[in-house]
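S.K.: Pasting a structure here, questions to come.
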Amino acid sequence: MTTRHDLAVSADLEGSRLDTCLAALGPGWTRSRARKLIDDGNVTVNGSPARPSFTVHHGDLIVVLEPPVAPLEVEPEDIPLDIVFEDGELVVLNKPAGLVIHPAAGNPAGTLVNALLHHCDDLSGIGGVERPGIVHRLDKDTTGLMVVAKTDRAHLALSIAFRQREVAKTYLAVCYGVPKDSEGVIDAPIDRHPRDRQQMAVVPSGRPARTLYHVDEAFTDASLVSCRLVTGRTHQIRVHLAHRGHALIGDPLYSGRQWRNLANPDVQRACRTFPRQALHAHRLGFTHPATRAKVEFEAPVPEDMEELIRLLRASG
255 MTTRHDLAVS ADLEGSRLDT CLAALGPGWT RSRARKLIDD GNVTVNGSPA RPSFTVHHGD
315 LIVVLEPPVA PLEVEPEDIP LDIVFEDGEL VVLNKPAGLV IHPAAGNPAG TLVNALLHHC
375 DDLSGIGGVE RPGIVHRLDK DTTGLMVVAK TDRAHLALSI AFRQREVAKT YLAVCYGVPK
435 DSEGVIDAPI DRHPRDRQQM AVVPSGRPAR TLYHVDEAFT DASLVSCRLV TGRTHQIRVH
495 LAHRGHALIG DPLYSGRQWR NLANPDVQRA CRTFPRQALH AHRLGFTHPA TRAKVEFEAP
555 VPEDMEELIR LLRASG
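Numbering (my numbering), first residue to last: 255 to 570.
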């Protein structure tokens, strides 16, 4: 059956694009999903159809007629998963590096969704054909904790919790250099890079983005930093630390060739050859959608980052 959603534009979304607004207000919709709903004629603003770029205002009434979820076309695949916790409502897993979250152009198979469909026969359908159960994402080469919804109830509750910033997410990052302050806040808006559309950047007109950081350990030319996300923008930690002059070791988009400036040849080699951004989703805490209990999970630092940290520690 078609589902009707009546959404009122809140004050904090004043002046935003319609597709951005729907991604913020809807039940776990991505911006691309919101754009498709608009393009298919399923969205009105104050009773009139609108384009994805339409500017919304506080108090506008958005009505979305969401068609029924199409039958899944993504094939289950027997891909091993590191399950940290599972019950009838959700799965918490420790994602390895290199695993894409959902099928897309260039990655039609071999994704986390393919693996989940093999592991579970009861994933929430709210995410649609390509994203069943998915309520948040990690970059392909970021490791660590993710929660996946198995029921529509869990999907809606977790989506709301993420949107209202009620999910505690702590990451460990190994970055170049040592931040001047041992702890602090990076409060800098993020949007697409004005020239390179593959990258995000700190842009004055971007969406608000806030990262809390703490230097857990300082080395000669690098640091182990824990970061707690207040907002959840694309590439947020990677962009914020790079903006402060402390790009993540191994980051193919934001670190450039900073390894050239390192004095120790062994450290230089390790940083030059590190195969991914040194970023790990270490802790994840939220309210369980069924029991309402506060739960928190922790994933150990992966071996490649452990090895890098050991080398940095030994070098001084």
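Just so it is clear, CB atoms sit at the ideal spot from N, CA and C, and this is done for glycine as well.
State the start and end residues of the unbroken alpha helix (DSSP H) segment that holds L566.
M.R.: The count along the sequence shown starts at 1 and reaches residue 566 at position 312. Note, L566: alpha helix (DSSP H), 557-568.
S.K.: Alpha carbon to alpha carbon, what distance is there between V299 and I333?
M.R.: Sequence index remark: in the sequence shown, residue 333 carries index 79 (1-based). Sequence index remark: in the sequence shown, residue 299 carries index 45 (1-based). Each residue's alpha carbon lies about 43 Å from the other.
S.K.: In terms of residue numbering, what span does the alpha helix (DSSP H) encompassing R526 cover?
M.R.: Here residue 526 refers to the residue found at position 272 when the sequence shown is read from its first residue. Where R526 is concerned, the enclosing alpha helix (DSSP H) stretches over 519-527.
S.K.: Counting C-beta neighbours from all protein chains within 10 Å, is the total for N515 16 or more, i.e. buried, or is it exposed?
M.R.: Translated into positions along the sequence shown, residue 515 becomes position 261. Exposed is the call here.
S.K.: I337: buried (16+ other C-beta within 10 angstroms of its C-beta) or exposed?
M.R.: Along the sequence shown, one-based indexing puts residue 337 at 83. Result: exposed.
S.K.: Just reading off the alpha helix (DSSP H) that V293 is part of, what are its end residues?
M.R.: The residue you call residue 293 lines up with position 39 of the sequence shown. Checking the sequence shown, residue 293 turns out to be Asp, not Val. From DSSP, the alpha helix (DSSP H) with D293 extends over 285-293.
S.K.: Quick check for students: name the residue ranges of the alpha helix (DSSP H) that lie wholly in the stretch 453-509, counting only runs of 4 or more.
M.R.: Runs found: 490-497.
S.K.: What does a CB cutoff of less than 7 Å around L279 pick up in its chain, not counting 5 residues either side in sequence?
M.R.: Working through the sequence shown from its first residue, we reach residue 279 at position 25. Contacts found: L261.
S.K.: Is there at least one Cβ from chain D nearer than 9 Å to V383's Cβ?
M.R.: The chain inventory of the structure shown lacks chain D, comprising one protein chain alone.
S.K.: Count the other CB atoms within 10 Å of the CB of M454; is the residue buried (16 or more) or exposed (fewer)?
M.R.: One-based indexing of the sequence shown puts residue 454 at position 200. Buried: at least 16 other Cβ atoms inside 10 Å.
S.K.: If you draw a straight line from the alpha carbon of R449 to that of E561, how long is it in whole angstroms?
M.R.: The residue given as residue 449 occupies position 195 in the sequence shown. The residue given as residue 561 occupies position 307 in the sequence shown. Straight-line Cα distance between these residues: approximately 36 Å.
S.K.: Can you check whether the CB of G282 is closer than 9 Å to the CB of G591?
M.R.: This structure cannot settle anything about residue 591, because the visible part of the chain is limited to 255 through 570.
S.K.: Going by other Cβ atoms of all chains shown within 10 Å of its Cβ, with 16 needed for buried, is I373 buried or exposed?
M.R.: Counting from 1 along the sequence shown, the entry for residue 373 is found at position 119. Reading off the sequence, residue 373 comes out as His, not Ile. Per the 10 Å Cβ criterion, buried.
S.K.: Helix, strand or coil for T274? Go by DSSP, reduced to three states.
M.R.: The residue you call residue 274 lines up with position 20 of the sequence shown. Correct three-state label for T274: helix.
S.K.: Should H312 be labelled buried (16 or more other beta-carbon atoms within 10 Å of its own) or exposed?
M.R.: Stepping through the sequence shown from its first residue, residue 312 is reached at position 58. That one is exposed.
S.K.: Take L315 as the anchor and find which of E384, H259, A517, V328 has the nearest alpha-carbon.
M.R.: In the sequence shown, counting from the first residue as 1, residue 315 sits at position 61. Among E384, H259, A517, V328, the Cα nearest to that of L315 is on H259.
S.K.: Give the range of the alpha helix (DSSP H) segment to which V367 is assigned.
M.R.: In the sequence shown, the residue the question calls residue 367 occupies position 113. V367 -> alpha helix (DSSP H) spans 366-373.
S.K.: For Q573, tell me which candidate among L399, V456, Y430 has the shortest Cα-Cα distance.
M.R.: With the chain covering only 255 through 570, there is no way to say anything about residue 573.
S.K.: Is DSSP giving F308 helix, strand or coil here?
M.R.: Start at 1 with the first residue of the sequence shown, and residue 308 comes out as number 54. Looking at F308 - three-state DSSP - the assignment turns out to be coil, as it is neither helix nor strand.
S.K.: Note down the Cα distance separating V310 from K404, rounded to an integer number of angstroms.
M.R.: Within the sequence shown, numbered from 1, the residue matching residue 310 stands at position 56. Within the sequence shown, numbered from 1, the residue matching residue 404 stands at position 150. For V310 and K404, the distance between alpha carbons rounds to 33 Å.
S.K.: Given a cut-off of 9 Å on the beta-carbon distance, is the pair F416 and H390 in contact?
M.R.: Here residue 416 corresponds to residue number 162 of the sequence shown, with the count starting at 1. Here residue 390 corresponds to residue number 136 of the sequence shown, with the count starting at 1. It is a contact, given that the beta carbons lie within the stated cut-off.
S.K.: Give every residue of the same chain whose Cβ lies closer than 6 Å to the Cβ of H468, excluding the five residues on either side of it in the sequence, and list them in chain order.
M.R.: The residue given as residue 468 occupies position 214 in the sequence shown. Correct list, in chain order: E437, S480.
S.K.: Look up D395 in the DSSP assignment and say whether it is helix, strand or coil.
M.R.: The sequence position of residue 395 within the sequence shown is 141, counting from 1. Reduced to three states, the DSSP call for D395 is coil.
S.K.: Could you tell me which of S378, A463, G295 sits nearest to H409, measuring between CA atoms?
M.R.: For the purposes of this step, residue 409 is taken as the residue at position 155 of the sequence shown. Closest by alpha carbon: S378.
S.K.: Looking at the secondary structure, which residues open and close the beta strand (DSSP E) in which D573 lies?
M.R.: Outside the displayed span of the chain (255 to 570) sits residue 573, for which this structure offers no information.
S.K.: Would you check if there are 3 or more beta carbon pairs closer than 8 Å linking the stretch 419-434 to the stretch 554-568?
M.R.: Yes, they touch.
S.K.: For the putative contact between E331 and N296, defined by C-beta atoms under 8 Å, what is the C-beta separation to the nearest angstrom?
M.R.: Here residue 331 refers to the residue found at position 77 when the sequence shown is read from its first residue. Here residue 296 refers to the residue found at position 42 when the sequence shown is read from its first residue. Rounded, the Cβ-Cβ distance is 31 Å, inconsistent with contact.
S.K.: Between the C-alpha atoms of A351 and R385, what's the straight-line distance to the nearest angstrom?
M.R.: Residue numbering aside, residue 351 sits at position 97 when the sequence shown is read from its first letter. Residue numbering aside, residue 385 sits at position 131 when the sequence shown is read from its first letter. Going from the Cα of A351 to the Cα of R385 covers about 19 Å.
S.K.: So what's H409 in DSSP terms, helix, strand or just coil?
M.R.: For the purposes of this step, residue 409 is taken as residue 155 along the sequence shown, with counting starting at 1. DSSP places H409 in helix when its eight states are reduced to three.
S.K.: Among P322, L371, G387, D393, whose alpha-carbon lies nearest the alpha-carbon of V354?
M.R.: Along the sequence shown, one-based indexing puts residue 354 at 100. Among P322, L371, G387, D393, the Cα nearest to that of V354 belongs to D393.
S.K.: Among T257, D294, V318, which residue has its Cα nearest to the Cα of V263?
M.R.: The residue labelled residue 263 in the question sits at position 9 within the sequence shown. Ranking T257, D294, V318 by Cα distance to V263 puts V318 first.
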